[in-house]
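Novice:
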Amino acid sequence: MYEGAVQDLIDELGRLPGIGPKSAQRLAFHILEADKDDMMRLAAAITGVKERVKFCQVCGNVSEQDMCSICRDPRRDASVICVVEESKDVLAVERTRAFRGRYHVLGGAINPIAGIGPDQLRIRELLTRLNDDAVTEIIIATNPNLEGEATSTYLARMLKTIGVTVTRLASGLPVGGDLEYADEVTLGRAFEGRRSAIS
Amino acid sequence: MYVDRLSLTDFRSYEQLDLELSPGATVLVGPNGVGKTNLVEALGMLSTLSSHRVSSDAPLVRFGAERALVRASFVRGAQRSMLELEVAPGRANRARINRGNPVRARDLLGIARTVLFAPEDLALVKGDPSARRRFLDELLTVLLPHHAGTRADYDRVLKQRNALLKSARAARFSRRSPAPDPSGATVESTLDVWDAHLAQAGARLLHARLELVDRLVPHLDAAYAQLTDGSKVAGAVYRSSVEGSVPESDGEDFPAMDGGGDAQDGGESPAVVRDGDAAPGLAGLGVAEIAERFLAALAQARQRELERGLTLVGPHRDELELTLGDAPAKGFASHGETWSFALALRLAAYYVMIDDSAVAGDEPILILDDVFAELDAARRARLAAIVAKAEQVLVTAAVDEDVPAELAGRRVRVVPGALAPLVPGEDA
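Residue numbers (my numbering), protein chains in the order written: chain G, 32 to 230; chain U, 434 to 861.
1. So does the segment 659-672 of chain U actually touch the segment 812-824 of chain U, counting three or more Cβ pairs closer than 8 Å?
2. Cβ of residue 450 of chain U within 9 Å of Cβ of residue 828 of chain U?
3. Rounded to whole angstroms, what is the Cα-Cα separation between residue 139 of chain G and residue 630 of chain U?
4. Does any C-beta atom of chain U lie closer than 9 Å to the C-beta of residue 180 of chain G?
5. In chain order, what residues of the same chain have a beta carbon less than 6 Å from the beta carbon of residue 48 of chain G, not counting five sequence neighbours either side?
6. Counting contacts by CB-CB distance shorter than 9 Å, is residue 739 of chain U in contact with chain G?
7. For the candidate residues U:529, U:560, U:835 and U:559, whose alpha-carbon lies nearest to that of residue 811 of chain U?
8. Tell me the rounded alpha-carbon separation between residue 645 of chain U and residue 182 of chain G.
9. Please report whether the beta-carbon of residue 216 of chain G lies at a distance below 9 Å from any beta-carbon of chain U.
10. Please state the DSSP three-state secondary structure of residue 671 of chain U.
11. Which one or two residues does DSSP pair with residue 519 of chain U in a beta bridge?
12. Using a Cβ distance threshold of 8 Å, determine whether the segment 169-178 of chain G contacts the segment 102-114 of chain G, with at least three qualifying pairs required.
13. Could you give the uninterrupted runs of the alpha helix (DSSP H) lying entirely in the segment 761-792 of chain U, keeping only those of 4 residues or more?
14. The beta strand (DSSP E) spanning residue 541 of chain U covers which residue range?
15. Helix, strand or coil: which one does DSSP assign to residue 686 of chain U?
16. For the 8 Å Cβ check, are there 3 or more pairs between the segment 744-764 of chain U and the segment 520-533 of chain U?
17. Quick check: the Cα distance between residue 93 of chain G and residue 73 of chain G, rounded to an integer number of angstroms?
18. With respect to the alpha helix (DSSP H) encompassing residue 728 of chain U, which residues constitute its N-terminal and C-terminal limits?
19. Out of U:577, U:549, U:565 and U:720, which one is the CA nearest neighbour of residue 791 of chain U?
20. Report yes if the CB atom of residue 602 of chain U is closer than 9 Å to the CB atom of residue 453 of chain U, and no otherwise.
21. Kindly identify the DSSP beta-bridge partner or partners of residue 512 of chain U.
22. Counting only beta-carbon separations shorter than 9 Å, does residue 746 of chain U have a partner in chain G?
23. Applying a beta-carbon distance threshold of less than 9 Å, which residues of chain U neighbour residue 146 of chain G?
24. How many Å lie between residue 726 of chain U and residue 547 of chain U at the Cα?
25. Can you tell me the Cβ-Cβ gap for residue 130 of chain G and residue 124 of chain G, rounded? I've got them flagged as a contact below 8 Å.
26. Kindly say whether residue 150 of chain G, judged by its beta-carbon, lies nearer than 9 Å to any beta-carbon of chain U.
27. If you compare alpha carbons, which of U:780, U:844, U:822 and U:837 is closest to residue 568 of chain U?
28. Please list, in chain order, the chain U residues whose beta carbon lies closer than 8 Å to that of residue 141 of chain G.
29. Note down, one range per segment and in chain order, each alpha helix (DSSP H) of at least 4 residues found wholly within the segment 142-185 of chain G.
30. Which residues in the same chain have their Cβ closer than 6 Å to the Cβ of residue 475 of chain U, if we skip the five residues on either side of it in sequence?
31. Alpha carbon to alpha carbon, what distance is there between residue 545 of chain U and residue 566 of chain U?
32. Compute the Euclidean distance between the alpha carbons of residue 852 of chain U and residue 773 of chain U, then round it to the nearest angstrom.
33. At a Cβ threshold of 9 Å, is residue 177 of chain G touching chain U?
34. Work out the CA separation of residue 141 of chain G and residue 778 of chain U for me, nearest whole Å.
35. Hey, does residue 574 of chain U have any beta-carbon neighbour from chain G nearer than 9 Å?
36. Quick one: is residue 689 of chain U near chain G, going by C-beta distance under 9 Å?
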């Protein structure tokens, strides 16, 4: 055990995800020895994030204003909503530059073991957004794992009656990969989702 | 196939062991506690990735060591495969094939085929249904390795669904008001989602098990007749809880499946969903049809499941019912008959694997761990005559006299400690 401030810092760092006691100690001593101005900037960044950043009232993405930049952008297509689990998924889809619609961040996936049900996700907010008739398609882009699939099924069932087109991202082979390295499940999905090669 | 070399590092009682083996019969003789079963267990690990004795990996590693290494080279026809498995408790086990790069342990499945007869097999007949389900699933993954994934998928969905049922039950008990609770609707609709996924995964597993039982039963009857004088007929029927035909047995436990120890209450009425006639309704159905039945059964059981906070139908509650003559084998069979039945089940698995072998020399290695001591002279001789035909058979025994003369193979004396010096077979 170290004294006072040092131990406090180690304890706080150790609570971060992916940081064990050893890493916490290493980081703490790095901070201790590093340039004071640099570390003040780090502290300011942490404070700034907690004070300024909030979640977009419409889509739930991180934002410094009430609405995020994507929801404010009039050029974005308001008729398509892409539903993702986390804010970082928004970034992943944005990188494709192929999607010009808007997003809806659920804040997770249905996971009973972790105590997350539909009520803990931003599903009600999604339904509210569907009240105005602008939206014609919902693209479900939850992760292709068990929890993501369950969330997708849940959304699909709920949205069935509303009269919008509901689509699910395809899953299958990675581009640039080799067939022989694909696992059985992925390859099986790729077979199920095959499409005509003659356009 | 046969194994011609087995080497162990820090595996159970062995710090280091190298053993040369040859086709035909090899008898490992040594007093209790010197490590005969360890050898047998190591070979079993390479073929099924799990021990026949313990469910966790920790006891497999020599006390004080960090990881154990099992290495063996198998010869199938003209082909030689060198398998290596590193067992490290608390971490994912790693494997290597033919000294290549490390692969997932699962990739070993299906390469080394062994059939192990052990004293623990008595539980196949006398024990809980879970032992028989495990027998089926293990055989399934050896025959069709991709079903290891089927089982894992099902278990994952099951865990999530049980968690949901449990929290729904907790919410129901904590909320005293008789008024319909507002979140009841969401629980129901979320359950619908998990039902769909459970039925999908479960139907694949059920379909695979039903097909396997179809292949197993004729061999089971033949094997039992071979072992005994043939006066009684051994049979097996797969009873699925999806059909609602499983009689609720008392005291049954569901190891590691439901995660809840509160499954004990007596007043459970057996689910009667029987499809009008007595015919086992699932046989011959496709995966999609089984999934439909599964959904129907889940809908029927919904209320009871919400009360118990547990998934009550599905392959994890199924039973492989064993019959001897007209009576169920469990409880009605004598000790000797129970033994013969357990051996017949293993022999049937052996015959199914032989049927399944695509190329010559693919037949599994037979391993008999301390089996003969339990049998009378006539059954010993019959069993020995059957197994002597195998390409390779490994037998362990505490005393020489237990092993019948039919298995006059090489004898290896096992001594405590690191090495097993080889003694040329007296009668070879």
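Glycine included, each C-beta is placed from N, C-alpha and C at the ideal position.
Specialist: Once the coordinates are examined:
1. The segment 659-672 of chain U makes contact with the segment 812-824 of chain U, as at least three CB pairs between them are under 8 Å.
2. Stepping through the second sequence from its first residue, residue 450 of chain U is reached at position 17. Stepping through the second sequence from its first residue, residue 828 of chain U is reached at position 395. Contact flag unset, no.
3. Numbered from 1 along the first sequence, position 108 holds the residue referred to as residue 139 of chain G. Numbered from 1 along the second sequence, position 197 holds the residue referred to as residue 630 of chain U. Those two C-alpha atoms are separated by around 19 Å.
4. Along the first sequence, read from residue 1 onward, the residue named residue 180 of chain G stands at position 149. Cβ-Cβ to chain U under 9 Å: yes for residue 180 of chain G.
5. For the purposes of this step, residue 48 of chain G is taken as residue 17 along the first sequence, with counting starting at 1. Nothing listed; no residue qualifies.
6. For the purposes of this step, residue 739 of chain U is identified with residue 306 of the second sequence, where counting begins at 1. No, no contact with chain G.
7. If you number the second sequence from 1, residue 811 of chain U lands on position 378. Nearest option by C-alpha distance: U:835.
8. For the purposes of this step, residue 645 of chain U is identified with residue 212 of the second sequence, where counting begins at 1. For the purposes of this step, residue 182 of chain G is identified with residue 151 of the first sequence, where counting begins at 1. Those two C-alpha atoms are separated by around 34 Å.
9. On the first sequence, position 185 is the one that residue 216 of chain G refers to. Yes - at least one Cβ of chain U is within 9 Å of the one on residue 216 of chain G.
10. Position 238 of the second sequence, counted from the start, is the residue given in the question as residue 671 of chain U. In this structure, DSSP gives residue 671 of chain U an extended state, which the three-state scheme calls strand.
11. Counting from one through the second sequence, the residue named residue 519 of chain U turns up at place 86. Secondary-structure assignment with DSSP links residue 519 of chain U through a beta bridge to U:502 and U:527.
12. yes
13. 762-765 and 768-789
14. Taking the first residue of the second sequence as 1, we reach residue 541 of chain U at position 108. Here residue 541 of chain U belongs to no beta strand (DSSP E), and DSSP marks it neither H nor E.
15. Here residue 686 of chain U refers to the residue found at position 253 of the second sequence. The predicted model places residue 686 of chain U with a pLDDT of 42, which falls under 50 and marks its position as unreliable; any figure quoted below should be read in that light. Coil.
16. In the pairwise beta carbon analysis, the segment 744-764 of chain U is classified as not touching the segment 520-533 of chain U: fewer than three pairs are separated by under 8 Å.
17. On the first sequence, position 62 is the one that residue 93 of chain G refers to. On the first sequence, position 42 is the one that residue 73 of chain G refers to. So the two alpha carbons sit approximately 20 Å from each other.
18. Within the second sequence, the letter at position 295 stands for residue 728 of chain U. Note, residue 728 of chain U: alpha helix (DSSP H), 720-741.
19. Translated into the one-based positions of the second sequence, residue 791 of chain U becomes position 358. Comparing Cα-Cα distances from residue 791 of chain U to each of U:577, U:549, U:565 and U:720, the minimum goes to U:577.
20. Locating residue 602 of chain U in the second sequence gives position 169, counting from the first residue. Locating residue 453 of chain U in the second sequence gives position 20, counting from the first residue. No, the Cβ-Cβ distance between residue 602 of chain U and residue 453 of chain U is not below 9 Å.
21. As a working note, residue 512 of chain U is residue 79 in the second sequence. Paired residue(s): U:509.
22. As a working mapping, residue 746 of chain U is identified with position 313 in the second sequence. It does not; no Cβ of chain G falls within 9 Å.
23. Start at 1 with the first residue of the first sequence, and residue 146 of chain G comes out as number 115. Within chain U, the residues near residue 146 of chain G are 596 and 600.
24. On the second sequence, position 293 is the one that residue 726 of chain U refers to. On the second sequence, position 114 is the one that residue 547 of chain U refers to. Approximately 35 Å between the Cα atoms of the pair.
25. By one-based count along the first sequence, residue 130 of chain G stands at place 99. By one-based count along the first sequence, residue 124 of chain G stands at place 93. Indeed, because the Cβ distance is near 5 Å, the residues count as touching under 8 Å.
26. In the first sequence, the residue the question calls residue 150 of chain G occupies position 119. With 9 Å as the cut-off, residue 150 of chain G counts as an interface residue toward chain U.
27. Numbered from its first residue, the second sequence carries residue 568 of chain U at position 135. Its Cα nearest to that of residue 568 of chain U, the residue U:780 stands out among U:780, U:844, U:822 and U:837.
28. Counted from its first residue, the first sequence places residue 141 of chain G at position 110. By Cβ distance, chain U contributes 623 and 626.
29. 154-160
30. Here residue 475 of chain U corresponds to residue number 42 of the second sequence, with the count starting at 1. Excluding positions up to five away in sequence, the list reads 441, 444 and 503.
31. In the second sequence, the residue the question calls residue 566 of chain U occupies position 133. In the second sequence, the residue the question calls residue 545 of chain U occupies position 112. Their Cα atoms are separated by approximately 22 Å.
32. As a position in the second sequence, residue 852 of chain U is number 419, starting the count at 1. As a position in the second sequence, residue 773 of chain U is number 340, starting the count at 1. Residue confidence is low: residue 852 of chain U scores 49 on pLDDT, short of 50, so the model does not pin down where it sits. No coordinate-derived value is stated.
33. The count along the first sequence starts at 1 and reaches residue 177 of chain G at position 146. Closer than 9 Å: yes.
34. Sequence index remark: in the second sequence, residue 778 of chain U carries index 345 (1-based). Sequence index remark: in the first sequence, residue 141 of chain G carries index 110 (1-based). So the two alpha carbons sit approximately 42 Å from each other.
35. Here residue 574 of chain U refers to the residue found at position 141 when the second sequence is read from its first residue. Cβ-Cβ to chain G under 9 Å: no for residue 574 of chain U.
36. Indexing the second sequence from 1 puts residue 689 of chain U at position 256. Reliability fails at residue 689 of chain U, whose pLDDT of 39 lies under 50, so the model's placement of it is uncertain and no value is given.
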